[in-house]
Ligand code: HEM
Ligand code: HEM
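Numbering (my numbering), first residue to last: 1 to 189.
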């Protein structure tokens, strides 16, 4: 390796790789859509044909898509060089890292709870991924269904709460902090 190439390899990285930036914003859009559709579809009258005929299958398909995207994203993340820790006061840096880890955990657990709920529900219409049949691997069980249903709901709204905190942090670093180095948003756009 030439000296210039060696220097370039050790240079600080100031942005997430393009693939991670694209996936971050695509997944953000999907999460907002899933929460909006989840909340709307559960409030609709059971007699409405679109409720179970269209909205539930769409919600399940996009929910499974999020799970796939997060797995791909974590794989790319593990193999990529990432920007170093943001130039923030220690307490803000730790808070943002804790929130990121919690968001990643919920991005995996929430769709898995959704799948487990549908899988254990005795009267489920099944799980499909954009029309493809997905096997329901768990045994039908009313008590388990109720636990997964509650966990899916509570954890989905917890995810929303964490995302609100996450967005508030990103906006604060851009518009309130006087230090341009604290502007982490520029690393993600
Ligand atoms: C990150 C992905 C997901 C998010 C953020 C999400 C979010 C939500 C939300 C907010 C609700 C409404 C809860 C309520 O107010 O009662 C909901 C309901 C529901 N979700 Fe998801 N969901 C996701 C993935 C999935 C997946 C993968 C499945 C199944 C394969 C699924 C199946 C369901 C079902 C069946 C309901 C209706 C529950 C009921 O009728 O009480 N979800 N989801
Ligand atoms: C549902 C919506 C969202 C989710 C689930 C989400 C999740 C995440 C996660 C897990 C990371 C950590 C990336 C990593 O290191 O691998 C991250 C980074 C980031 N997100 Fe989001 N995000 C969402 C929406 C947003 C929005 C709306 C904004 C901006 C207003 C934003 C701004 C950022 C920034 C600036 C970073 C980089 C932080 C840093 O470099 O330290 N995110 N996001």
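All C-beta atoms, glycine included, are put in the ideal place defined by N, C-alpha and C.
Quick caveat, the model's predicted, so the values are computed rather than measured.
Buried or exposed for residue i, please, with buried defined as at least 16 other CB atoms from any protein chain shown within 10 angstroms of its CB.
i           : result
residue 186 : exposed
residue 106 : buried
residue 118 : buried
residue 218 : The first residue shown for the chain is 1 and the last is 189, placing residue 218 beyond what the model contains.
residue 14  : exposed
residue 48  : exposed
residue 133 : exposed
residue 91  : exposed
residue 7   : Because residue 7 sits at a pLDDT of 49, beneath the cut-off of 50, its placement in the model cannot be relied upon, and the following sentence gives the value as read from the coordinates. So residue 7 counts as exposed.
residue 131 : exposed
residue 19  : exposed
residue 110 : buried
residue 72  : exposed
residue 184 : buried
residue 173 : buried
residue 127 : buried
residue 16  : buried
residue 68  : exposed
Verify the contact flag: residue i, CB atom, against every heavy atom of ligand 1, threshold strictly below 7 angstroms.
i           : result
residue 25  : no
residue 31  : yes
residue 190 : Because the chain spans 1 through 189 in this model, residue 190 falls outside it and cannot be assessed.
residue 35  : yes
Check whether the Cβ of residue i lies closer than 7 angstroms to any heavy atom of ligand 2, and answer yes or no.
i           : result
residue 17  : no
residue 48  : no
residue 193 : Nothing can be reported for residue 193: it is not among the residues displayed for the chain, which extend from 1 to 189.
residue 83  : yes
residue 156 : no
residue 21  : no
State the beta-bridge partners of residue i as determined by DSSP.
i           : result
residue 132 : 129
**Asked** Which runs of the alpha helix (DSSP H), 4 residues or longer, sit entirely within the segment 40-110?
**Response** Listed in chain order, they are 56-79.
**Request:** Note down, one range per segment and in chain order, each alpha helix (DSSP H) of at least 4 residues found wholly within the segment 111-186.
**Result:** 142-175, all fully within the segment 111-186.
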